[in-house]
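J.: For reference, the structure I am asking about is given below.
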Amino acid sequence: MSKQSNNLSRSDIIGIVGVLVAVAGIGVGVMTSEIRNLTGLEPSSHPLSVTLKTDYGADYNKLQYLLVSGKFKEADIETTHLLLWAANREKEGTLNPESVKRFSCTDLRTIDTLWMQHSNGRFGFSAQTRLWKTGQVDLEDFVSHIGWLNVSERNNEIWVNHNDLIFERRAPIGHLPTGGAFAPKGVWRGGWLPILSNRCF
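Quick note on numbering: the sequence shown equals residues 8 to 208 in our numbering.
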């Protein structure tokens with residue numbers, strides 16, 4: 008009787024050990040997934056949840072989808088559309104200082120968070136304003152640094168065509184979003200940066 012109990016105990020122990028090993032294996036897999044997520048090795052595979060806050064009733068789901076999918080060009084165009092819509096300047100097709108001053112910081116931060124999250128922190132308004140604040144440069148120096156102005160043609164103020172921007176994570180820090188700087192009906196070339204740097208970021 009005693010031997011049978013001992014044998015059962017051994018069997019139970021073996022079973023428990025097997026379960027623990029299986030659970031440990033799952034745990035390692037989950038941990039590996041989290042590490043990849045946190046280090047940005049697979050930034051779009053398991054994106055962290057973002058609360059899409061808005062004061063305008065804006066729908067940021069399309070922008071989120073495009074960024075998760077790595078479609079940065081389409082995401083930049085959608086960002087411009089959202090900004091023009093929020094500023095009620097879709098007809099004009101460009102932003103101006105007055106409209107930027109009225110922007111909701113809540114919405115700008117939502118857009119910024121989405122860009123930052125899906126670019127490993129390389130893109131977004133906060134990345135741009137951080138460079139602006141620490142760069143000690145004028146606006147032309149800044150847009151040259153982030154890759155919007157052709158340095159070799161700078162004296163002629165030749166801007167890079169929107170189609171020629173780098174819509175990949177290898178682009179210079181702050182390269183995206185363009186924030187309406189390449190809007191089809193005229194531009195206010197990055198002039199929103201000094202305003203944003205003192206307001207929302």
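Note that CB positions come from ideal geometry on N, CA and C, so glycine has one too.
Assign Trp92 to one of three DSSP states: helix, strand, or coil.
T.: helix
J.: Are the Cβ atoms of Lys60 and Thr117 separated by less than 7 Å?
T.: yes
J.: In whole angstroms, give me the CA-to-CA distance for Pro201 and Cys207.
T.: 11 Å
J.: How big is the Cα-Cα spacing for Gly34 and Glu81?
T.: Caution applies to Gly34, whose pLDDT of 37 falls short of 50 and renders its modelled position unreliable; the value that the coordinates give is listed next. A straight line joining the alpha-carbon of Gly34 with that of Glu81 spans about 37 Å.
J.: Let me check one thing: in DSSP terms, what residues is Trp166 bridge-paired to?
T.: Leu156
J.: When the Cα of Pro247 is compared with those of Arg96, His152 and Phe110, which residue comes out closest?
T.: Since the first residue of the chain shown is 8 and the last is 208, residue 247 is not available in this structure.
J.: Is the beta carbon of Ser133 less than 7 Å from the beta carbon of Asp119?
T.: Contact check for Ser133 against Asp119 passes: the beta carbons are separated by less than 7 Å.
J.: Any idea what DSSP makes of Asn68, helix, strand or coil?
T.: helix
J.: Taking its Cβ as the centre, do 16 or more other Cβ atoms sit within 10 Å of Tyr67, making it buried, or is it exposed?
T.: Looking at its Cβ environment, which holds 16 or more other Cβ atoms inside 10 Å, Tyr67 is buried.
J.: What number of angstroms, rounded off, separates the C-alpha of Ile84 from the C-alpha of Leu146?
T.: 22 Å
J.: Leu115 lies in the alpha helix (DSSP H); which residues open and close that run?
T.: Cys112 to Gln124
J.: Grab me the residues of Val167's own chain with a C-beta within less than 8 Å of its C-beta, minus the 5 sequence neighbours each way, in chain order.
T.: Gly154, Trp155, Leu156 and Asn157
J.: So, with DSSP's three-state summary, where would you put Val150?
T.: helix
J.: So what does DSSP say about Arg129, is it helix, strand or coil?
T.: Coil.
J.: Can you check which of these residues, Ala94, Glu99, Arg129 and His125, is closest to Cys112 by C-alpha distance?
T.: Ala94
J.: Suppose you measure from the CA of Asn205 to the CA of Lys108; what does that come to, to the nearest Å?
T.: Asn205 and Lys108 have their C-alpha atoms roughly 10 Å apart.
J.: Tell me the rounded alpha-carbon separation between Leu138 and Phe149.
T.: 8 Å
J.: Give the range of the alpha helix (DSSP H) segment to which Val57 is assigned.
T.: From DSSP, Val57 is part of no alpha helix (DSSP H); its letter is neither H nor E.
J.: Helix, strand or coil for Arg101? Go by DSSP, reduced to three states.
T.: One detail in the question is off: residue 101 reads as Thr in this sequence, not Arg. Thr101 falls in the coil class under three-state DSSP.
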